[in-house]
Amino acid sequence: MKKRTIAGLTATTAAVAGTAAFAVTGATAASSSDAVRAVQTASKGVSAKLYELDKERRHWEVTFADGTQKLVALDGSKVTKTRRDDRETEVDQARVSLVAALRAAAPRVGETALTDADLDSDEGQLVWQIGFADDTDVDVDARTGKVLRVDRDDD
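Per mature numbering (1 follows the signal peptide of the UniProt record, and there is no 0), the sequence shown runs over residues -29 to -1, 1 to 126.
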């Protein structure tokens, strides 16, 4: 699974992003100022709201609601690549709604709060990846609604 943690946003990051909430993955407290710079750099000239910020090994991946995705240097100084996110294609292929996937996943974790949900391709299979507060991740097949995997991250 690509996304493993969700980190909180600072008020500054939320204000810069122009939206109250979006997912931030892979970020640490030490990198929050670089994240703010990356958001500021990527947002120049883009009118769509930012909805996802991922820290990858060699860059920040900044994705906007219109499908624009910008790769930004880890120090936040410059955009190194701009591309289109193909989410629309994935969403069109999903026969199972997010609501149906949540209903399938919830009984597997009990009363644990939901932290994130994402439509993604996992080893060629389209799945809803649903994360819960107790570090449990549930993968639900986006075509059939069947729970494929329950991963409890027991420390």
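Glycine included, every Cβ here is placed at the ideal spot set by N, Cα and C.
query	result
Using only the alpha-carbon positions, how far apart do Y45 and T60 sit?	First, the residue type needs correcting, since residue 45 is Leu and not Tyr in the sequence shown. The straight-line gap from Cα to Cα measures roughly 29 Å.
Using 10 angstroms around the beta-carbon of D125, count the other beta-carbons present and answer buried if the total reaches 16, otherwise exposed.	exposed
On the DSSP letters alone, give me the boundaries of the alpha helix (DSSP H) that R74 sits inside.	69 to 76
For D106, which residues from the same chain have a beta carbon less than 6 Å from its beta carbon, with the 5 sequence-adjacent residues on both sides left out?	D124
Using the DSSP secondary-structure output, state which residues sit across from A104 in a beta bridge.	According to DSSP, A104 bridges with nothing at all.
Taking the continuous beta strand (DSSP E) assigned at T115, which residues delimit it?	Taken as a continuous stretch (DSSP letters only), T115 belongs to no beta strand (DSSP E), as it is neither H nor E.
Alpha carbon to alpha carbon, what distance is there between D108 and R54?	29 Å
Since I believe A113 is in contact with R66 (beta carbons under 8 Å), could you give me their beta-carbon distance rounded to a whole number of angstroms?	7 Å
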